[in-house]
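This report concerns only the one structure given below.
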Ligand SMILES: NC(=O)c1ccc[n+]([C@@H]2O[C@H](COP(=O)([O-])OP(=O)(O)OC[C@H]3O[C@@H](n4cnc5c(N)ncnc54)[C@H](OP(=O)(O)O)[C@@H]3O)[C@@H](O)[C@H]2O)c1
């Protein structure tokens, strides 16, 4: 349990990664009440220096003893590390906010997006899970519509940037683009195929029904966060050669009728959402504009003419910020607000 203090000792595990880097920046930007920031990674980058406020901090090698005195531990170093080290951090007295998939579907671990289910965080037993990036932006945009008209079915097609895979994938897209424009061959190491000038309709591995892990995460995590096991959800997730920000084409069927204008009005006052929707003036969200921002952008809101009660939406958010680091830090801010 986090105790109220003026300032907190914060650890970032996986600090040198795509999400970890963003966490350090956001802690600084939001003036998070940090007394000491401790940065951890593997032997690959331990010893590197990272700027925080007006100081340079040295990244340390992650060890079992790393969590002594830590109040809040932000994990973003992959599932294996979270499974092994999150319980160690909790035993040392820290509250863990975990970005990996390790604990998300554990019934004892709350899966939290503050705009949607901030109250769930209160039931934590040391670990709080941060959802998958593609889920976060989906639920922020859909919760107000669900509350107003009860969503029965969601069909998602995603267009996900390479930063969702991590720093090596960002380098791979950069390198492949450079190579191909210089008439050299593109090498693929992170992805099974060339990602530059291509689309990969696979994120994760396939199950026996033909769904990949990212598609199942969208389905299961959305139901858990929205607190509605009856929601029908189906997805096709695609990796696209975009560096940052995920886009989703989303079709919903609702129980009550909701016009496009009503949906726009609901979303205009929804927390964390920016309605960016004026198609006649070509105003709609695009990853290049949304990258580096904090809100979930929603555009192309229109009624589905093939259904009695259906809507289309185009939802874009920065996967490293609202999809990962920012959401984790917002959870930490909620914990601080509620701390006795
Ligand atoms: N990218 C996203 O949009 C996103 C969104 C939501 C959730 N996530 C989740 O966040 C986690 C990190 O993702 P990422 O995109 O930031 O990956 P990344 O860029 O590959 O970074 C991974 C980080 O973890 C560290 N790490 C790896 N193995 C380690 C070990 N054995 N001990 C200590 N540190 C270790 C790395 O340090 P070294 O370089 O020193 O090995 C690096 O700092 C993953 O679980 C991912 O699923 C990512």
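Residue numbers (our numbering): 3 to 342.
Ideal Cβ placement from N, Cα and C applies to all residues, glycine included.
9 Å Cβ cutoff met for residue 96 and residue 44: Here residue 96 corresponds to residue number 94 of the chain shown, with the count starting at 1. Here residue 44 corresponds to residue number 42 of the chain shown, with the count starting at 1. It is not a contact, given that the beta carbons lie outside the stated cut-off.
Where residue 311 falls: helix, strand or coil (DSSP): For the purposes of this step, residue 311 is taken as residue 309 along the chain shown, with counting starting at 1. Coil, per DSSP.
Alpha carbon of residue 25 to alpha carbon of residue 331, nearest angstrom: Here residue 25 refers to the residue found at position 23 when the chain shown is read from its first residue. Here residue 331 refers to the residue found at position 329 when the chain shown is read from its first residue. Rounded to whole angstroms, residue 25 to residue 331 spans 7 Å at the Cα level.
Boundaries (first-last residue) of the alpha helix (DSSP H) holding residue 126: Along the chain shown, read from residue 1 onward, the residue named residue 126 stands at position 124. Unbroken run through residue 126: none, as it is neither H nor E.
Proximal residues to residue 31 (C-beta, below 7 Å), its chain only, five neighbours per side dropped: Here residue 31 is taken as the residue at index 29 of the chain shown, counted from 1. Answer for residue 31: no residue qualifies.
Sequence-distant residues of the same chain with beta carbon closer than 7 Å to residue 18, five excluded per side: For the purposes of this step, residue 18 is taken as residue 16 along the chain shown, with counting starting at 1. Excluding residues within five positions, the ones whose Cβ falls inside 7 Å are 43, 47, 50, 61.
Residue 1 versus residue 326 - alpha carbon distance: In the structure as shown, the chain begins at 3 and stops at 342. Residue 1 is therefore absent and cannot be evaluated.
Identity of the residue in 221, 208, 198 nearest residue 232 by Cα: Here residue 232 is taken as the residue at index 230 of the chain shown, counted from 1. Comparing alpha-carbon positions, the option among 221, 208, 198 lying closest to residue 232 turns out to be 221.
Span separating the alpha-carbon of residue 227 from that of residue 101: For the purposes of this step, residue 227 is identified with residue 225 of the chain shown, where counting begins at 1. For the purposes of this step, residue 101 is identified with residue 99 of the chain shown, where counting begins at 1. So the alpha carbons of these two residues sit roughly 15 Å apart.
Inter-stretch contact at 8 Å, needing at least 3 Cβ pairs: the segment 147 to 154 / the segment 244 to 260: Contact holds: three or more Cβ-Cβ distances are below 8 Å.
Residue environment, residue 195, which counts as buried when at least 16 other CB atoms sit within 10 Å: Looking up residue 195 in the chain shown gives position 193. It counts as exposed.
Distance cut-off 8 Å: residue 47 Cβ against heavy atoms of ligand 1: Counted from its first residue, the chain shown places residue 47 at position 45. For ligand 1, at least one heavy atom lies less than 8 Å from the Cβ of residue 47.
8 Å contact criterion, which residue 297 and residue 143 should meet: CB distance rounded: Position 295 of the chain shown holds residue 297. Position 141 of the chain shown holds residue 143. That belief does not hold up - the Cβ atoms of residue 297 and residue 143 are roughly 10 Å apart, past 8 Å.
Stretch pair the segment 191 to 209 + the segment 117 to 128: three plus CB contacts closer than 8 Å: Output reads no: the segment 117 to 128 does not touch the segment 191 to 209.
Inter-residue CB distance, residue 240 and residue 162 (contact presumed, cutoff 8 Å): Here residue 240 corresponds to residue number 238 of the chain shown, with the count starting at 1. Here residue 162 corresponds to residue number 160 of the chain shown, with the count starting at 1. Indeed, because the Cβ distance is near 7 Å, the residues count as touching under 8 Å.
Distance cut-off 8 Å: residue 84 Cβ against heavy atoms of ligand 1: Here residue 84 is taken as the residue at index 82 of the chain shown, counted from 1. Answer for residue 84: yes, Cβ within range of ligand 1.
Spatial distance of residue 75 from residue 313 (CA atoms): Along the chain shown, read from residue 1 onward, the residue named residue 75 stands at position 73. Along the chain shown, read from residue 1 onward, the residue named residue 313 stands at position 311. Looking at the two C-alpha atoms, the distance is approximately 40 Å.
Where residue 13 sits in the DSSP three-state scheme: Within the chain shown, residue 13 is the residue found at index 11, counting from 1. It is a strand residue.
Local conformation of residue 201 per DSSP, three classes: Sequence index remark: in the chain shown, residue 201 carries index 199 (1-based). It is coil, neither helix nor strand.
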